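The sequence shown runs contiguously to residue 410 in numbering that gives the first Met the number 0. Please read the structure below before turning to the comments.
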Amino acid sequence: MKMIIHGTAYIDGELQNRYIGIKDGKIKFVKKHYKGNEKVKELEEIILPGGIDLHVHFRDPGQTEKEDFFTGSKSAAFGGITAVADMPNNHPPIKTLDNFEKKLEIAKEKSCIDFALYSLIGDEIEDLTERTGIFKIYLSSSTNIGKEISEDGIKKVFENGGKIAFHCEDEQYFGSSSEDLPGYNQFRPPESEVNSIRSLSDLPEGPKRACHVSTKEGLMEAKSQGLAVEVAPHHLFLNEEAFLGGFGKVNPPLRTQDDQIALWESYERGDIEFLASDHAPHLENEKTEFVDAPPGIPGVETMYPLLLNSVSMGNISLSTVIETIAERPAEYLNVKKGKIKEGYDADLVMVDFRRIESIKRENLHSKAGWSPFEGFNAVFPIHVMSRGEYLIKDNEFIGEKGRGEFISAKI
Ligand code: DOR
Ligand code: ZN
Ligand code: ZN
Numbered sequence: 000m001k002m003i004i005h006g007t008a009y010i011d012g013e014l015q016n017r018y019i020g021i022k023d024g025k026i027k028f029v030k031k032h033y034k035g036n037e038k039v040k041e042l043e044e045i046i047l048p049g050g051i052d053l054h055v056h057f058r059d060p061g062q063t064e065k066e067d068f069f070t071g072s073k074s075a076a077f078g079g080i081t082a083v084a085d086m087p088n089n090h091p092p093i094k095t096l097d098n099f100e101k102k103l104e105i106a107k108e109k110s111c112i113d114f115a116l117y118s119l120i121g122d123e124i125e126d127l128t129e130r131t132g133i134f135k136i137y138l139s140s141s142t143n144i145g146k147e148i149s150e151d152g153i154k155k156v157f158e159n160g161g162k163i164a165f166h167c168e169d170e171q172y173f174g175s176s177s178e179d180l181p182g183y184n185q186f187r188p189p190e191s192e193v194n195s196i197r198s199l200s201d202l203p204e205g206p207k208r209a210c211h212v213s214t215k216e217g218l219m220e221a222k223s224q225g226l227a228v229e230v231a232p233h234h235l236f237l238n239e240e241a242f243l244g245g246f247g248k249v250n251p252p253l254r255t256q257d258d259q260i261a262l263w264e265s266y267e268r269g270d271i272e273f274l275a276s277d278h279a280p281h282l283e284n285e286k287t288e289f290v291d292a293p294p295g296i297p298g299v300e301t302m303y304p305l306l307l308n309s310v311s312m313g314n315i316s317l318s319t320v321i322e323t324i325a326e327r328p329a330e331y332l333n334v335k336k337g338k339i340k341e342g343y344d345a346d347l348v349m350v351d352f353r354r355i356e357s358i359k360r361e362n363l364h365s366k367a368g369w370s371p372f373e374g375f376n377a378v379f380p381i382h383v384m385s386r387g388e389y390l391i392k393d394n395e396f397i398g399e400k401g402r403g404e405f406i407s408a409k410i
């Protein structure tokens, strides 16, 4: 056995005192008692499964001044995220097998955590479905991308065992442009999200996921269709009243406090399948003028720590957080991750719930260099392990660039 750790771990939905044996990157056993004579590492921290963020924009290739696969994955690791799925709105867009393979090489060279890569729906759908298994469709234009829907393409993806994530905003409902956050909420109003989600019911049947659902009505519509719902931390922790100016500009926009409350209520009820950061780094100097600011908020490093703080405050159960941040995302990607269980990857985070920190930009690692969550309390992991290797030890990064492995989500 390469390593045996002993401590309180989240296993089968509860915290239990266990010995965890790790070998070849995998969890070999989880036991109540251990009688062997191998060295056991006693851990004082609580051991949780590593988080899996199904929605990040690491900007590589094309906009590496904002982020690249190394800085993005390192930032993720500091936040207890041990696998990500990266969006395809790159320069050039990931829509052909060739661009996909090129991006894969870049990610393999730079990522320190495991990663999946979304593709857009182009021509080589069978091949791309085989390679990646996950696709993104933008129902409105957004950073680097225009609206594009191909029913034929969607059918092919589903027929070949792929899944599709949708950015749901309908431009028909957009108003006139705006200069502050409440205005931006009106500009891309809730109806735009609701109607866009409604339009998904006209598309071929298959595993559809509504990304970053931000409104009460949007949630209800998605639930009524039985869609998988993803929610972003900025919609849970912020609303249009935040004094963030351009730093709070994001698509879909920050909504009202009522929407925010509705999201929390649904989250507590278990109506949200996935939490994903929609980590969309832009540089500080791009975000200072509201009108010109590109939409997007960085968040891969702060998501799990913010939620763990919510757990310690008693605002949400640990099991709901782990289900939405680790277990379901792992199932979505068809990987044996997200659980502390025999045969699963040893992707672990170790936390001390008493160590509550205030988020400070200088402690974060994304190239974005800022966070809308500054001053929020968070529980950052002390150690983070990916496939049995420490990425973070005593809050220091000791991970290796390029050790991350590609995850194909094809069923
Ligand atoms: O706010 C957003 N930023 N929404 C998106 O859909 C794209 C993202 C980005 O890539 O910047
Ligand atoms: Zn989106
Ligand atoms: Zn996004």
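Positions of the beta carbon are idealized from the N, C-alpha and C atoms, including for glycine. From a predicted model like this one, the values you see are computed outputs, not experimental measurements.
**Message:** Given the structure, does Met-86 come close to ligand 3, in the sense that its CB is under 6 Å from one of the ligand's heavy atoms?
**Reply:** As a working mapping, residue 86 is identified with position 87 in the sequence shown. Yes; taking the cut-off as 6 Å, the Cβ of Met-86 has a heavy atom of ligand 3 nearer than that.
**Request:** Can you say whether Phe-289 is buried or exposed, counting buried as having 16 or more other CB atoms within 10 angstroms of its CB?
**Result:** The count along the sequence shown starts at 1 and reaches residue 289 at position 290. Result: buried.
**Message:** If distances are taken between C-alpha atoms only, which option among Cys-210, Phe-242 and Leu-199 comes closest to Ser-223?
**Reply:** As a working mapping, residue 223 is identified with position 224 in the sequence shown. The candidate whose alpha carbon is nearest that of Ser-223 is Leu-199.
**Item:** His-166 Cβ short of 6 Å to ligand 2 heavy atom set
**Value:** For the purposes of this step, residue 166 is taken as residue 167 along the sequence shown, with counting starting at 1. Result yes, Cβ under 6 Å from ligand 2.
**Request:** Look at Ser-385 and Ile-112 and say whether their C-beta atoms are less than 7 Å apart.
**Result:** Your numbering for residue 385 matches position 386 in the sequence shown. Your numbering for residue 112 matches position 113 in the sequence shown. Result yes, Cβ atoms of Ser-385 and Ile-112 sit closer than 7 Å.
**Item:** Buried or exposed by the 16-neighbour rule on C-beta atoms within 10 Å, applied to Phe-114
**Value:** In the sequence shown, counting from the first residue as 1, residue 114 sits at position 115. So Phe-114 ends up on the buried side.
**Request:** Consult DSSP for Lys-400 and reduce its assignment to one of helix, strand or coil.
**Result:** Residue 400 sits at position 401 when you count from the first residue of the sequence shown. Residue state, collapsed to three classes: coil.
**Asked** So, helix, strand or coil for Asn-89, using DSSP?
**Response** Start at 1 with the first residue of the sequence shown, and residue 89 comes out as number 90. Correct three-state label for Asn-89: coil.
**Prompt:** Based on Cα-Cα distance, which residue from Val-39, Tyr-18 and Gly-295 lies nearest to Lys-30?
**Reply:** Counting from 1 along the sequence shown, the entry for residue 30 is found at position 31. Of all alpha-carbon atoms in Val-39, Tyr-18 and Gly-295, the one lying nearest the alpha-carbon of Lys-30 is that of Tyr-18.
**Asked** Is the beta carbon of His-281 sitting closer than 7 Å to the one on Gly-298?
**Response** Position 282 of the sequence shown, counting from 1, holds the residue named residue 281. Position 299 of the sequence shown, counting from 1, holds the residue named residue 298. 7 Å or more divides the Cβ of His-281 from the Cβ of Gly-298.
**Asked** For Val-249, does the three-state DSSP call read helix, strand or coil?
**Response** Working through the sequence shown from its first residue, we reach residue 249 at position 250. It is coil, neither helix nor strand.
**Prompt:** What's the C-alpha gap between Pro-464 and Pro-380?
**Reply:** Past the boundaries of the shown model lies residue 464; the chain is included only from 0 to 410, so the question cannot be answered.
**Request:** Let me know the secondary structure DSSP gives Lys-22 once reduced to three states.
**Result:** Translated into the one-based positions of the sequence shown, residue 22 becomes position 23. Residue state, collapsed to three classes: strand.
**Request:** Please find out if some non-hydrogen atom of ligand 2 comes closer than 6 Å to the beta-carbon of Cys-210.
**Result:** The residue you call residue 210 lines up with position 211 of the sequence shown. Yes, the Cβ of Cys-210 comes within 6 Å of a heavy atom of ligand 2.
**Item:** Cβ pair Thr-81, Gly-132 closer than 7 Å
**Value:** Reading the sequence shown from its first residue, position 82 is the one you call residue 81. Reading the sequence shown from its first residue, position 133 is the one you call residue 132. Cβ distance not < 7 Å, so Thr-81 and Gly-132 don't count as in contact.
**Prompt:** Which partner residues does Met-312 have in the DSSP bridge list?
**Reply:** Taking the sequence shown and counting its residues from 1, the one referred to as residue 312 is at position 313. Answer is none; Met-312 lacks a bridge partner.
**Asked** Contact between the stretch 328 to 344 and the stretch 298 to 317: three or more CB pairs below 8 Å?
**Response** These segments do not touch.
**Request:** Return the residue from the list His-382, Ala-408 and Ile-410 that minimises the CA-CA distance to Ala-75.
**Result:** Along the sequence shown, one-based indexing puts residue 75 at 76. It is His-382.
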